Amino acid sequence: MPTDWEARYRNADAPWDKGAPHPALLRWLAMHPGRMTERVLVPGCGLGHDVRAIATAEPTSDVLGLDIAPSAIAAASRLDHPANAAFVVGDLFDLAPEHRGRFAWVWEHTCFCAIDPDGRDDYVRAVARSLLPGGHLLGVFYLDPYRGDHRPGGGPPHGCSLEELAMRFVQSGLFAIVESGVPSITYPERDGRERLMLMQRSRAMITDPPTR
Ligand SMILES: C[S@@+](CC[C@H](N)C(=O)[O-])C[C@H]1O[C@@H](n2cnc3c(N)ncnc32)[C@H](O)[C@@H]1O
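Okay, so the sequence shown: first residue is 1 according to our numbering, each after it adds one.
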C-alpha cells in the first residue's frame, strides 16, 4: 500500500522528523562556504529544517522545499525562515514546468528511501529533470534503515545497497559520482547506515521509458 504522507503528518506520525537539519548537511555547508549557492531544490523537504539551514548558511542561494504533503508544507511555511527559502506543495515525479532544468543543486535527505523501490529509476530521472546540465545532487542516502521489526518489504524507509544506488544513478547516463563516503557526523541511530554522495548531472537528454 502506498504511504499516505499527508495522513502521517496530520496524525503527527512523523518519526523521521528530528526537529533539526541533518548534521552532515550542516558540516558540509560549514566546510564548503560559497558552494551551494544559486537555486537549490530540496525534494521531500518535510518540515523544512534542511531548507532553512541551506538558506541561512548561503544567503545568495534561493532554496525551494518541495513536498507532496500539504500539511508538511503548511507547517514548514509557518516556521520562521529566511527570505531566500520558500516552500511549495508538489510531486517530484510530476514537476511543474517552472521547476524543470532550473536548479544548480538538489539536496537529498530521506526522500529517496521514502520512495517505493520500483520508483527508483523515476527518482533518478526526476532529480535530473529538475537540475541544470552540470548541476549537482548532494545527498545523504539512508542505505540501511532496517532494525527490530522493520524489515525489507515492510514499507518506508526502504534500504538500498551502495552498489544498487551507484548503478541506478551512473547507468542512467545522467549522473557521475564525484564523491562518496560515510558521513562523519549523523544522528546517533543512523551511525554507519548512511552514505554521503556528491553527484554531477551530465548533459545527456532525459528520456522516459516507453509506456507499455
Ligand atoms: C521520510 S520523509 C522525510 C522528510 C524530510 N526530508 C526529513 O528528513 O524530515 C519523506 C518525505 O517525502 C515526501 N514525499 C514522498 N513522496 C514524494 C513525492 N513524490 N514528491 C514530493 N515529496 C514526496 C513525504 O511527504 C515526506 O515529507
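Backbone N, C-alpha and C fix where the C-beta goes; we use that ideal spot for every residue, glycine too.
Quantities reported herein were computed from a predicted structural model and do not represent experimental measurements.
Residue burial annotation: Leu66 is buried, with at least 16 other C-beta atoms found within 10 angstroms of its C-beta. Cβ contact annotation for Arg100 (same chain, cutoff 6 Å, sequence separation greater than five): Arg129, in chain order. Shortest gap from the CB of Glu6 to any heavy atom of ligand 1: under 8 Å. Residue side-chain check: Ala72 places its Cβ nearer than 8 Å to a non-hydrogen atom of ligand 1.
Between the stretch 102-113 and the stretch 75-90, the count of Cβ pairs shorter than 8 Å is below three; the stretches do not touch. Using a cutoff of 8 Å, the CB of Cys111 counts as near ligand 1, since one of the ligand's heavy atoms is closer than that. Fully enclosed beta strand (DSSP E) runs of no fewer than 3 residues occupy 39-43 of the stretch 9-66, in order along the chain. Taking 8 Å as the cut-off, one finds at least one heavy atom of ligand 1 near enough to the beta carbon of Asp50. For Leu26 and Thr207, the gap between their C-alpha atoms comes out near 34 Å.
DSSP places Met197 within a strand segment (E or B) once states are collapsed to three.
Segment contact: the stretch 141-159 against the stretch 63-78, fewer than three CB-CB distances shorter than 8 Å; contact not assigned. Cβ-Cβ separation between Met167 and Ser180: approximately 13 Å, too far for a contact (criterion under 8 Å).
Contact between Asp62 and Arg35 fails: their C-beta atoms lie close to 15 Å from each other, not under 8 Å.
In the structure shown, the three-state DSSP call for Gly153 is coil. Annotation: Leu165 is outside any beta strand (DSSP E); the continuous alpha helix (DSSP H) that includes it extends over 162-171. If you check the CB distance, Ala104 and Leu131 come in under 9 Å. If you check the CB distance, Arg193 and Leu162 do not come in under 9 Å.
For Pro70, no beta strand (DSSP E) segment is defined; the enclosing uninterrupted segment is the alpha helix (DSSP H) at 70-78.
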